[in-house]
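Peer 1: Taking full-length UniProt numbering, I'd label the letters of the sequence shown as residues 1 to 420. Even for Gly, the Cβ is constructed at its ideal location relative to N, Cα and C. Input: one structure, supplied below.
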Amino acid sequence: MRIPADGIIDHIDGYALLNEAILTGESQPVQKKLLDEIFSGSINEGSGFQMKVTKTGEDCRIQQLTNCVQRALSKKIPISNIVNTVSKYFTPGICVLAILTFTLWMICFQHIPDLENKLKISSYIQFSFQASISVLCVACPCAIGLAIPLAIMISTGVAAKYGLFIKGGPPIQILYQVKKMVFDKTGTLTIGIPIVEFLVTTNGINFEENIKFIYNLVSNSNHVLSRAIKKFCEQKYNFLCKINLEVKEITGFGLEGYYGVNINRRVVKMGKEDLMKMNDVLISEKIKMDVSIPCTEGATVVYVSVNSLLWGYFIIRDEIRSDAYYTLHNLKLMNIKPVMLTGDRMETANYVAKKLEIDEYYYNKSPEEKCDIITDLTKYGKKVAMVGDGVNDIIAIARSTVGISMGSGSDITAETANVV
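Spelled out as structure tokens, the structure:
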């Protein structure tokens, strides 16, 4: 459920899980407790709660971001505006110059004796008129006037074949001058949806039965990590089936599931390491060492225990797009430096930057801080393009020289960008 207004959590049992990716770029849901501030546009992926509304309408954070976009756009001066301003005075000026040319030649013929014979012309009026027309032709070259719209039309047509929608000529005129291209991470360089990288089982007993149980357990949860595990099971195993079980969501920690009775009763718990500790599930030092590397790279570990014994764990991360490395490599060949700008945590940013060989990157940045960074990068007339997909990117996109939105991004981002 999407949060309709800004406010604070007024009543809750335990913790809430809010997906704030649209505002911050954080790829994982954020845990919220009593009296914590929440913002409109966030999505509740955990248990329900009561909230006290503190801001609505124009005062909401998402509306403030929209206002920042308007201010950022007002600071941009497209080349088309310059051309229109010049044309406003240029065209009347040329017309006046043509009239003056005609008048001056007429005066010359009236006051300079035998000028008509010296120039070998039959009519001085015709000559004066031709001179004035020549001024108009030289000042307004039709070839250039026709070539520019034609070039823009062909360029936008070719771009459309490759899935790019360019809004008019100014982006095309500026893009070749861009020396830095700034990328958002979540949903731009990465897919934006967490996927299971692999499953490690520490106890292979009853593998098929436990996988069926895990599948049914996560099917009863709407959490983003549960959806990732469910999809992983559906793609990898063909022996899944429906099982009736009791499911309990432990907000902020994970899931519990119960199946069977008496001696056949099975209790499965899935979640973070804290959930395992709370239920006295032993995690060996070797396993802790094995998961430490992916954890430092921004991955999430979901442990699974069966009847208080560790059964295995899932490694989940937001996958890097398959064409991201190729795209950035080509930019470098064109002498365009790629930069990553994300609101996500340091570990995830470090991992993606290392994988894609990005030297300059920024993390834990709010939408306003992203705008400030773009402002710094565009100092002294430098041309910078910004590529993003979320509402958290719109101020930076508006402030950049050329804003580029992913086609899968939000509507307001696509509306703000010059290229989609």
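Could you check if residue 348 is buried or exposed, using at least 16 other CB atoms within 10 Å of its CB as the buried criterion?
Peer 2: Start at 1 with the first residue of the sequence shown, and residue 348 comes out as number 348. Classification of residue 348: buried, given that the 10 Å Cβ count is 16 or more.
Peer 1: Could you say which of 56, 178, 58 and 368 lies nearest to residue 381 if we only look at CA atoms?
Peer 2: Taking the sequence shown and counting its residues from 1, the one referred to as residue 381 is at position 381. Nearest of 56, 178, 58 and 368 to residue 381, Cα basis: 178.
Peer 1: Identify whether residue 284 lies in helix, strand or coil by the three-state DSSP scheme.
Peer 2: Here residue 284 refers to the residue found at position 284 when the sequence shown is read from its first residue. Three-state result, residue 284: coil.
Peer 1: Would you check if there are 3 or more beta carbon pairs closer than 8 Å linking the region 392-407 to the region 178-188?
Peer 2: yes
Peer 1: Candidates 272, 93, 192 and 353: which alpha carbon is nearest residue 329's?
Peer 2: Numbered from its first residue, the sequence shown carries residue 329 at position 329. That would be 353, whose Cα lies nearest to the Cα of residue 329.
Peer 1: For residue 42 and residue 17, which I take to be in contact (beta-carbon distance under 8 Å), what is that distance rounded to the nearest angstrom?
Peer 2: Looking up residue 42 in the sequence shown gives position 42. Looking up residue 17 in the sequence shown gives position 17. Contact between residue 42 and residue 17 fails: their C-beta atoms lie close to 10 Å from each other, not under 8 Å.
Peer 1: Within a Cβ cutoff of 8 Å, which residues of the same chain sit near residue 110, ignoring the five residues on either side of it in sequence?
Peer 2: Reading the sequence shown from its first residue, position 110 is the one you call residue 110. So no residue of the chain qualifies.
Peer 1: Determine the DSSP secondary structure at residue 217, reduced to helix, strand or coil.
Peer 2: What you label residue 217 is simply residue 217 of the sequence shown in a count that begins at 1. Correct three-state label for residue 217: helix.
Peer 1: According to the neighbour-count rule (16 or more other Cβ atoms, all chains shown, within 10 Å of its Cβ), is residue 217 buried or exposed?
Peer 2: To locate residue 217, count along the sequence shown from 1; it is residue 217. So residue 217 ends up on the buried side.
Peer 1: Please name the residue in 105, 134, 108 and 61 whose C-alpha comes closest to that of residue 95.
Peer 2: Numbered from its first residue, the sequence shown carries residue 95 at position 95. Considering only alpha carbons, the answer is 134.
Peer 1: Does the Cβ-Cβ distance between residue 203 and residue 312 come in under 9 Å?
Peer 2: The sequence position of residue 203 within the sequence shown is 203, counting from 1. The sequence position of residue 312 within the sequence shown is 312, counting from 1. It is a contact, given that the beta carbons lie within the stated cut-off.
Peer 1: Along the chain, where does the alpha helix (DSSP H) that runs through residue 129 open and close?
Peer 2: Reading the sequence shown from its first residue, position 129 is the one you call residue 129. 124-139 is the extent of the alpha helix (DSSP H) around residue 129.
Peer 1: On a Cα-Cα basis, can you pick out the residue from 358, 317 and 307 that is closest to residue 432?
Peer 2: Beyond the ends of the chain as shown, which are 1 and 420, falls residue 432; an answer cannot be given.
Peer 1: Would you say the region 188-197 touches the region 385-395, given that touching needs at least three Cβ pairs under 8 Å?
Peer 2: yes
Peer 1: Excluding the five sequence neighbours on either side, which residues of its own chain have a C-beta within less than 7 Å of the C-beta of residue 296, listed in chain order?
Peer 2: By one-based count along the sequence shown, residue 296 stands at place 296. Answer for residue 296: 347, listed in chain order.
Peer 1: Is the region 195-202 touching the region 364-381 in the sense that three or more CB pairs, one from each, lie closer than 8 Å?
Peer 2: Short answer: they don't touch.
Peer 1: Residues bridged to residue 195 by DSSP?
Peer 2: One-based indexing of the sequence shown puts residue 195 at position 195. Residue 195 pairs with 317.
Peer 1: What residues match up with residue 338 in a beta bridge as DSSP calls it?
Peer 2: Reading the sequence shown from its first residue, position 338 is the one you call residue 338. DSSP output for residue 338 lists 181 as bridge partner(s).
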